Amino acid sequence: MNTVVTLSLNSAKLGVPRFAATHKATTVTLTFVTKLMQCTLTSNNTAFTFTMYTKTNHPTYPKDSHTFQCKANNITITCPSNYPSPPIQTALTKPETCPDYFRWTHEDLSTWKQNGITKQMVDSLTDAAHFRLTVVNGTAYVTRYRKAFQTRDTLTLWGILQLLNLYPGKIPDIDLMFQCADESSVKKADYKGSNLSSAPPQFHYCADESTLDIVFPDWSFWGWPEINIKPWVPLVKDLKEGNAMKNWSSREPFAFWKGNTYTGSRRMLAQCNSIQEWGAQIVEQDWPKEVREGFKTSDLSKQCVHRYKIYMEGNAWSVSEKYILACDAMTLFVNPVYYDFFTRSLIPMKHFWPVNPNNLCDSVKFAVDWGNKNSDKAQEIGREGSEYIFNQLKIEHVYDYMFHVLNEYAKLLKYKPTVPEGAEELCSEKFACSAPGLDTKYRTDTMVTGPSDRDPCVLPEPYDRDTLRTLREQNAKIKQVVEMWEKGSR
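First residue of the sequence shown: 1060, per the working numbering; consecutive thereafter.
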């Protein structure tokens, strides 16, 4: 029986163009060389070995090699026991200070700052979490409790594996629970008063003011294969190219939203679908049809053709938030309740326009009319929102945020993590050697193939209570001013 194996590699870190090899043969050896890397694929009809040698300034290599042993006739893949020790890395430049939103990591972990986190508190989340992640001596282990929707859990774990590859030896021993559903679930109301510090520490993609979930970058930074959304690095490139195709004056002068109107309060948004009456076009996204037709009308980079884009939550926070903000359009935020790891430093009327959900359609229309009358100011808000995403949310920042929130969390543990009984060891082979498909392609495209040549950015100091109160009051006052403008226009 012939074996067909397809591999692709696209490492932005190493500057290597995509490399693909497909074969139907008994034995094949193929070597591909660039200035920075040599890749060798040796295969027969039962297995293949994929070796990457990273070059250094010295003319000889291998220096930093990583070899995958993939069994084409055996879907049970075990992690190798002979990984080479990571080289000692010396940072070439002094690390920069992290973006301001990193300061919220201190706030997210403040519940446990005084008394710490016990194993019993972590264990108590067994029924709520999708998986338990344990890192011991730089090796990751997972205990799975239930399957998450689509590939949220596997892509989140893949991202954490890449973090371990990026900063080998720098991730402390950790033991945490992760929940992958839409909504945050550790309620403050269940742990009132002195019981607050006993609340279980659960990692999740979002939280709100009524919950204690510890926010963490979502899976889509490593791609969303089910709906054909690329990983963050190539998608950012596409979005920038899409933005450049339409300048402000040539864009459609109304607000645009596309998605699922059957979740949360979005049903109300569907009532605003009238360009003439409300200055808005609301489009229902038919995902089953998109899948059947090859995602012809869902390319995000081709949706940045309007002056105004609407962001509205569904069941909770939405992955679409960063894509909408990146469109170089004035983003209309419909009063978000939930926050993710990077959004709490966004400022109304600087990065977005606040929309009143209690008077939704009128509020959207007012924003559009204001923007078309104040084109320079509206364009500046759109530009500030996009620059925030492109400059403050680079993939390096995503990994550094992961590093710091895990590092600060580890400091709070009152016990030494050990490998749980029955836990599965994680390694890149278990993901990259999967059956060919878009999810496997995204993993190989986002693979970190060697340690970073820089240290993580420097974590800023936490906000003090007065500063936090001032920030919240200032943002609330800005929203009140916009509401007064709206009322005065009626």
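Backbone N, C-alpha and C define an ideal beta-carbon position, used for all residues, glycine too.
What you are looking at is a predicted structure, and each value in this text was computed from that prediction instead of being measured.
Problem set entry | Residues that DSSP places opposite residue 1318 in a beta bridge | 1343
Exercise. Can you name, in chain order, every residue of its own chain whose Cβ lies under 7 angstroms from the Cβ of residue 1271, other than the five neighbours on each side?
Worked result: 1170, 1245, 1247, 1258
Exercise. Do you know how far the Cα of residue 1424 is from the Cα of residue 1337?
Worked result: 5 angstroms
Exercise. What does residue 1217 pair with, by DSSP beta-bridge criteria?
Worked result: DSSP output for residue 1217 lists no bridge partner at all.
For this session: Quick one: which unbroken beta strand (DSSP E) runs of 3-plus residues sit fully inside the segment 1401-1440? Chain order, please.
Result: 1412-1414
Problem set entry | Per-residue burial, residue 1483 [other beta carbons within 10 Å of its own, 16 or more giving buried] | exposed
Problem set entry | Nearest candidate by alpha-carbon position, reference residue 1463, set 1164, 1273, 1407, 1386 | 1164
For this session: Give me the Cα-Cα distance between residue 1132 and residue 1410, rounded to the nearest whole angstrom.
Result: In this predicted model, residue 1132 has a pLDDT of only 48, less than 50, meaning its place in the structure is not dependable; the value taken from the coordinates is given anyway. Residue 1132 and residue 1410: Cα-Cα distance of roughly 52 angstroms.
Exercise. What do you get for residue 1350, buried or exposed, if any count of 16 or more other CB atoms within 10 angstroms of its CB means buried?
Worked result: exposed
Problem set entry | DSSP three-state assignment for residue 1354, whether helix, strand or coil | coil
Problem set entry | Nearest to residue 1507 (by Cα), restricted to the options 1533, 1547, 1454, 1543 | 1454
Problem set entry | Length of the line joining the Cα atoms of residue 1301 and residue 1311 | 14 angstroms
For this session: Give the DSSP-derived three-state secondary structure of residue 1230 in the structure shown.
Result: coil
Problem set entry | Burial state of residue 1517, where buried means 16 or more other Cβ atoms lie within 10 Å | exposed
Exercise. By DSSP, does residue 1313 sit in helix, in strand, or in coil?
Worked result: strand
Exercise. Just how far apart, CA to CA, sit residue 1376 and residue 1393?
Worked result: 12 angstroms
Problem set entry | Nearest-angstrom Cβ-Cβ length linking residue 1227 and residue 1460, presumed shorter than 8 angstroms | About 18 angstroms; that fails the 8 angstroms criterion.
Problem set entry | Neighbourhood of residue 1416 by C-beta distance below 6 angstroms, restricted to the same chain and skipping five residues each side | 1393, 1394
Problem set entry | Residue burial classification, residue 1526 (beta-carbon count within 10 angstroms, cutoff 16) | exposed
For this session: Going by CA-CA distance only, name the one from 1172, 1308, 1179, 1214 that's closest to residue 1476.
Result: 1179
Exercise. Do the CB positions of residue 1234 and residue 1181 come within less than 7 angstroms of each other?
Worked result: yes
For this session: Out of 1346, 1184, 1232, 1295, state which residue places its alpha-carbon closest to the alpha-carbon of residue 1471.
Result: 1232
Exercise. Would the segment 1376-1391 and the segment 1291-1307 be scored as touching if the rule is three or more Cβ pairs under 8 angstroms?
Worked result: yes
Exercise. Leaving out five residues before and five after residue 1239 in sequence, what residues of the same chain have Cβ atoms less than 6 angstroms from its Cβ?
Worked result: 1189, 1207, 1211, 1212
Problem set entry | Assigned exposure category for residue 1076 - 16 Cβ within 10 Å defines buried | Unreliable placement is indicated for residue 1076, whose pLDDT of 33 sits below 50; no coordinate value is reported for it.
Problem set entry | Own chain, CB closer than 6 angstroms to residue 1357, minus 5 neighbours either side, in chain order | 1349
For this session: Would you kindly work out how many angstroms separate the C-alpha atoms of residue 1520 and residue 1161, rounded to a whole number?
Result: 9 angstroms
Exercise. For residue 1281, which option in 1365, 1549, 1498, 1406 has the closest C-alpha, if you only look at C-alpha atoms?
Worked result: 1498
Exercise. Quick one: what's residue 1551 bridged to in DSSP?
Worked result: Missing from the structure shown is residue 1551; the chain here goes from 1060 to 1549 and no further.
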